[in-house]
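Visitor:
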Amino acid sequence: MGRLSKIKPADRTTGVEYAIRDIVETSKQALSLGLDLIYLNIGDPVKYGFKTPKPLIEAVYKAMLENQNSYSDSLGIPEALKAIESYALKKGIKPIDIFITQGASEAIEFAIASLLNPQDNILLPCPCYPLYQAIVSKLGIEARFYNLSEDKNWEPDVESIESQIDKNTKAVVIINPNNPTGAIYSRQTLETIVEIAKKYNLVILSDEIYDQFVLDEGVEHISIASLCDDVPTVTFNGLSKCYFSPGWRIGWGIVSGPKEVLEDFIEAIHKLARARLCAPHPFQYAIPVALNNDNGYLKEVIPALRKRRDLIVEGLNQIPHIMCKRPSGAFYAFPRIDIPGIDDLEFVKRLIMEEGVVVVHGSGFGLKGGANHFRIIFLPEEKILEEALFRIDRFVRKLTK
Ligand code: PLP
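Residue numbers (numbering that gives the first Met the number 0): 0 to 400.
1. Could you compute how far the alpha carbon of F98 sits from the alpha carbon of P77?
2. Nearest to P231 by CA position, among P94, K46, H220, A79, is which residue?
3. Roughly how many angstroms lie between the CA atoms of G340 and G250, to the nearest whole one?
4. Is the separation between the beta-carbon of L122 and that of Q67 shorter than 8 Å?
5. For the segment 341-358 against the segment 232-242, are there 3 or more C-beta pairs whose distance is under 8 Å?
6. Roughly how many whole angstroms lie between the Cα atoms of L88 and A82?
7. Just how far apart, CA to CA, sit Q283 and N292?
8. Between R186, K270, Q187, N152, which lies nearest to P485 when the distance is taken from Cα to Cα?
9. Contact criterion: CB-CB distance below 8 Å. Does N152 meet it with respect to chain D?
10. For the candidate residues L130, V288, L138, I221, whose alpha-carbon lies nearest to that of G365?
11. Below 8 Å between beta carbons: does that hold for G361 and R374?
12. Cβ of I134 versus every heavy atom of ligand 1: is any distance shorter than 7 Å?
13. Going along the chain, which unbroken runs of the alpha helix (DSSP H) with 4 or more residues stay wholly within the segment 271-313?
14. Determine the DSSP secondary structure at H220, reduced to helix, strand or coil.
15. Which residues does DSSP list as the beta-bridge partners of A142?
16. With DSSP collapsed to three states, give me the class of R374.
17. Closest by CA to T12, which one among V135, T25, L304, H372?
18. Given that a residue counts as buried once 16 or more other Cβ atoms are within 10 Å of its Cβ, and exposed if not, what is D165?
19. In the DSSP assignment, the beta strand (DSSP E) including I97 goes from what residue to what residue?
20. Give me, in chain order, the residues of the same chain whose beta-carbon lies closer than 7 Å to that of T399; leave out the 5 immediate sequence neighbours on both sides.
21. Measuring only the C-alpha atoms, how far is L304 from L384?
22. Please list the terminal residues of the continuous beta strand (DSSP E) segment that includes D206.
23. Where are the alpha helix (DSSP H) runs, 4 residues long or more, that stay fully inside the segment 149-180, in chain order?
24. Contact between the segment 265-273 and the segment 138-146 is defined here as three or more beta-carbon pairs at a separation below 8 Å; is this criterion met?
Put into structure tokens, the structure is as follows:
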């Protein structure tokens, strides 16, 4: 028998990074030193005590008892597809196809994999939720980044979008409400993106997984697909965030736009869906219960979250060298750190090791040197957030003494 040689992973994995989880390694080190950690790094409401609504659990349990434990249809069960269609129509989207997936993550991957070849490029926001870079990197597609503009409350810089486009650009991704900035985009920005997509023949991929987390009265979440029946668009959503069940891995994609140009693209998505059989079958029964509820589950959560958002934003802005825009959506804030001689990664690692506050460095979302930020979650109760603010303040004062 020959000697075993070390297995070399395939090149396609080298560019795949997931900063949010990488920070966990530093946290483990801090834990082993006995530090009392405050985790403000995980985008999972359930980890912060928000409970999966009971009617959703009952629907899944009932489906399991009724032995709905086979594979389902690859695109999803009819009652869930119907509920997603009604939801889409309420948001002003005219769906021409819907597919249920293993989290929104899989829907995003299906759409990108069905659309782009390796010589093509896709426009991603910077900063960006890292899943997109991971998918694009794995598929060997070029990512081109457009800026989100901190000065304009993190709205996309539309000139920067247009400046990145060439003949190989196939799609533009928007994340609205945004991770990591918490921004909700204005109608005007969305309309300009629609115009750009029309002008250059781009498919719009719109990630709306936080669409019900709208924290300010007077702010409306607009699905970009509702503004453009004539532009091919895929809208992503799921049960993970707004319905507190991320571990169930239920998401979906809604295709809208001119049917005649979309047929082959839709069939390509269906092929990928068939090849992986189905999304978790019994969990799909929670979809109609979730979506037909008129969002009652979030009614009590939003005011509490608004208070926590205000606490974190005001608290951060009182700390010297930190500046934080007020997010209107999701549960993230993305403050800027302005301390000479320390970059965001060092800031975050030291904050974890010295004060036990776990946040994610901005460069983990694709922001390059010079623009120092971190992402902080405001899901925990106020007293935890107050303690975190106290420790961040103490740390910054120590650093800048
Ligand atoms: N899109 C965004 C912007 C996210 O923040 C997340 C999770 O944090 C996802 C997609 C993943 O969603 P899912 O759990 O449905 O795969």
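We put the CB at the ideal spot given by N, CA and C, even for glycine.
Guide: If we stick to the structure as given:
1. Reading the sequence shown from its first residue, position 99 is the one you call residue 98. Reading the sequence shown from its first residue, position 78 is the one you call residue 77. Approximately 11 Å between the Cα atoms of the pair.
2. Position 232 of the sequence shown, counted from the start, is the residue given in the question as residue 231. When each option's Cα is compared against that of P231, the closest is P94.
3. Translated into positions along the sequence shown, residue 340 becomes position 341. Translated into positions along the sequence shown, residue 250 becomes position 251. Taking the straight line joining both Cα atoms gives about 42 Å.
4. Translated into positions along the sequence shown, residue 122 becomes position 123. Translated into positions along the sequence shown, residue 67 becomes position 68. No, Cβ-Cβ distance for L122 and Q67 is not below 8 Å.
5. no
6. For this step, residue 88 is matched to residue 89 along the sequence shown. For this step, residue 82 is matched to residue 83 along the sequence shown. The alpha-carbon atoms of L88 and A82 are separated by roughly 10 Å.
7. Along the sequence shown, read from residue 1 onward, the residue named residue 283 stands at position 284. Along the sequence shown, read from residue 1 onward, the residue named residue 292 stands at position 293. Approximately 15 Å between the Cα atoms of the pair.
8. For the chain, the structure presents residues 0 to 400; residue 485 sits outside this window and is missing.
9. Checking the listed chains, one finds no chain D in this structure; it contains a single protein chain.
10. Indexing the sequence shown from 1 puts residue 365 at position 366. Of the candidates L130, V288, L138, I221, the one whose C-alpha sits nearest the C-alpha of G365 is L130.
11. Looking up residue 361 in the sequence shown gives position 362. Looking up residue 374 in the sequence shown gives position 375. Yes, these two residues count as a Cβ contact at 8 Å.
12. For the purposes of this step, residue 134 is taken as the residue at position 135 of the sequence shown. No.
13. Runs of the alpha helix (DSSP H) inside the segment 271-313: 285-290, 295-298.
14. Here residue 220 corresponds to residue number 221 of the sequence shown, with the count starting at 1. H220: coil per DSSP, three-state reduction.
15. Stepping through the sequence shown from its first residue, residue 142 is reached at position 143. Paired residues: I121.
16. Numbered from 1 along the sequence shown, position 375 holds the residue referred to as residue 374. Here R374 carries a strand assignment [DSSP, helix/strand/coil].
17. The residue given as residue 12 occupies position 13 in the sequence shown. Residue V135 is the option with its Cα nearest to T12.
18. Within the sequence shown, the letter at position 166 stands for residue 165. Of the other Cβ atoms in all chains shown, fewer than 16 fall within 10 Å of the Cβ of D165; this residue is therefore exposed.
19. Looking up residue 97 in the sequence shown gives position 98. It spans 94-101 - the beta strand (DSSP E) in which I97 sits, taken as one unbroken run.
20. Reading the sequence shown from its first residue, position 400 is the one you call residue 399. Beyond the five residues adjoining it in sequence on each side, T399 comes within less than 7 Å, by CB distance, of P319, H320, I338 in the same chain, given in chain order.
21. In the sequence shown, residue 304 corresponds to position 305, counting from 1. In the sequence shown, residue 384 corresponds to position 385, counting from 1. About 12 Å.
22. Numbered from 1 along the sequence shown, position 207 holds the residue referred to as residue 206. 202-206 is the span of the beta strand (DSSP E), which, as asked, contains D206.
23. Within the segment 149-180, the complete alpha helix (DSSP H) runs of at least 4 residues are 157-162.
24. no
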